[in-house]
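Asks: I have a structure I would like to understand better, so I am pasting it below and will then ask my questions one at a time.
Okay, here's the thing in structure tokens:
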């Protein structure tokens with residue numbers, strides 16, 4: 219038997235090649251027979267080995283990078299959610315603040331009552347008026363002529379001629395009563411609701427110490443056993459070395475949104491015009507004053523039948539006073555009967571403020587101070603209104 223031909227060398231392909239072969243259709247089996255072969259041996263053509271450069275292409279896609287991107291995406295999503303929540307919280311807080319702020323600033327509806335108006339008005343009549351009053355006083359004091367002061371005076375245009383006559387064209391200097399020297403005087407709440415307010419300047423007597431050295435009176439003179447002679451009474455009297463006390467009443471009246479100073483009371487109390495009038499008799503002279511009035515007993519030996527005696531007092535300087543007899547059956551007497559208390563056991567002295575016109579009568583050689591006209595209760599222009607036909611008869 220002839221020898222068998224050498225066996226065909228079969229090269230084992232790599233795994234990738236095997237997979238590729240598995241996916242290719244099988245080759246046909248050769249049916250050729252060699253001479254003398256006892257059996258038929260199927261053979262496959264040799265598969266060349268894959269070159270090394272083809273190996274990276276045959277590798278499957280690596281999932282590792284995709285696994286690494288998932289944590290980054292999840293972290294970014296979490297951060298975006300947190301920022302969104304914070305933004306919503308901030309927007310919510312801002313909305314609440316704007317809504318509350320808008321409630322405080324929003325004007326009331328036209329038909330809604332203003333809630334703060336009564337509180338503001340009550341606060342003004344309690345303390346708010348004080349700032350305005352000081353400002354009016356400062357501006358008034360700064361004026362040096364009636365024209366500069368009229369704008370701060372109640373009924374200034376009407377009083378302009380009277381102010382010009384009073385000051386006589388001279389330069390007005392009110393530095394002796396500075397605005398910051400005035401103190402607040404609390405009128406009744408009823409008066410303040412009517413728009414009336416008051417301030418007072420009160421300066422006690424001042425002594426000039428460099429001129430205060432004076433001789434001392436003897437004990438007999440000090441205890442009233444002996445009378446001091448003219449020289450001693452003039453030089454040793456302490457009152458001769460002291461300035462007069464200065465008391466001024468400043469009334470203010472609210473007109474619209476402004477405060478105005480009542481000049482008539484201011485001038486009367488500062489310059490003591492009431493005292494000058496009652497101490498300097500001048501027949502036929504008359505003037506209007508704001509006074510405190512009460513019924514009084516007549517001077518000894520000067521009682522007049524058919525009359526009642528009344529005492530008139532300056533409101534700021536209570537030592538400035540005068541007694542006046544008024545006929546009971548006159549218009550002024552009937553008006554003053556409201557405060558009569560004598561001959562009435564159940565009544566006591568009644569004191570009221572009033573505005574009157576006084577006059578020095580010229581019917582006799584010695585002028586007599588009379589109540590020429592009772593104008594009104596309270597101060598004229600400050601709650602009082604002039605009553606007609608109240609002249610004495």
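Residue numbers (the numbering used here): 219 to 611.
Note that beta-carbon positions come from the ideal geometry of N, C-alpha and C, so glycine has one too.
Treat the numbers as computed from the prediction; the structure is a model and nothing was measured.
1. Can you tell me whether residue 374 is helix, strand or coil according to DSSP?
2. Checking 7 Å against the spacing of the C-beta atoms, do residue 600 and residue 484 come in under that value?
3. Write down the C-beta distance between residue 372 and residue 479 rounded to the nearest angstrom, noting that I regard them as a contact closer than 8 Å.
4. Kindly list the residues whose CB is nearer than 7 Å to the CB of residue 579, restricted to its own chain and excluding five residues on each side of it in sequence; keep chain order.
5. Take residue 542 as the anchor and find which of 510, 561 and 563 has the nearest alpha-carbon.
6. What are the boundary residues of the beta strand (DSSP E) that includes residue 484?
7. Look up residue 514 in the DSSP assignment and say whether it is helix, strand or coil.
8. Tell me the rounded alpha-carbon separation between residue 471 and residue 602.
9. Checking 7 Å against the spacing of the C-beta atoms, do residue 422 and residue 463 come in under that value?
10. Would residue 370 and residue 357 qualify as a contact pair, given that the criterion is a beta-carbon distance under 7 Å?
11. How should residue 567 be labelled, buried or exposed, when 16 other C-beta atoms within 10 angstroms of its C-beta is the threshold for buried?
12. For the alpha helix (DSSP H) containing residue 347, list its first residue and its last residue.
13. Using the three-state DSSP reduction, which class does residue 242 fall into: helix, strand or coil?
14. Could you check if residue 473 is buried or exposed, using at least 16 other CB atoms within 10 Å of its CB as the buried criterion?
15. Taking buried to mean at least 16 other C-beta atoms within 10 Å of its own C-beta, is residue 443 buried or exposed?
16. Exposed or buried, which one is residue 347 when buried takes at least 16 other CB atoms within 10 Å?
17. Hey, could you find the ends of the alpha helix (DSSP H) residue 552 is sitting in?
18. Check the DSSP bridge columns for residue 401 and list the partner residues they point to.
19. Between 384, 343 and 391, which lies nearest to residue 403 when the distance is taken from Cα to Cα?
20. Would you please state the rounded distance, in angstroms, between the beta carbons of residue 576 and residue 507? I believe it to be under 8 Å.
21. Between the Cα of residue 537 and those of 465, 446 and 439, spot the shortest distance and give me the residue it belongs to.
22. CA-CA distance, residue 314 and residue 305?
23. Would you identify the three-state DSSP class for residue 292, choosing helix, strand or coil?
24. By DSSP, does residue 560 sit in helix, in strand, or in coil?
25. Excluding the 5 residues flanking residue 619 on each side, which residues of the same chain have their C-beta closer than 8 Å to its C-beta?
26. Please name the residue in 354, 535, 503 and 498 whose C-alpha comes closest to that of residue 490.
27. The alpha helix (DSSP H) with residue 410 in it runs from where to where?
28. Looking only at its own chain, which residues have a Cβ that is under 6 Å from the Cβ of residue 519, when we skip the five neighbours before and after it?
29. How many angstroms separate the CA atom of residue 366 from the CA atom of residue 398?
30. Buried or exposed, going by whether 16 or more other CB atoms sit within 10 Å of the CB of residue 530?
31. Is the beta carbon of residue 560 less than 7 Å from the beta carbon of residue 544?
32. Would DSSP call residue 543 helix, strand or coil?
Replies: The answer reads as follows:
1. helix
2. no
3. 6 Å
4. 585, 586 and 588
5. 510
6. Per DSSP, residue 484 belongs to no beta strand (DSSP E); it is in the alpha helix (DSSP H), 481–489.
7. strand
8. 12 Å
9. yes
10. yes
11. exposed
12. 347–360
13. Reliability fails at residue 242, whose pLDDT of 47 lies under 50, so the model's placement of it is uncertain and the value that follows must be treated cautiously. Coil, per DSSP.
14. exposed
15. exposed
16. buried
17. 549–554
18. 418
19. 343
20. 6 Å
21. 465
22. 14 Å
23. helix
24. coil
25. Examination of residue 619 is not possible in this model, given that the chain is present from 219 through 611 alone.
26. 535
27. 407–411
28. none
29. 20 Å
30. buried
31. no
32. strand
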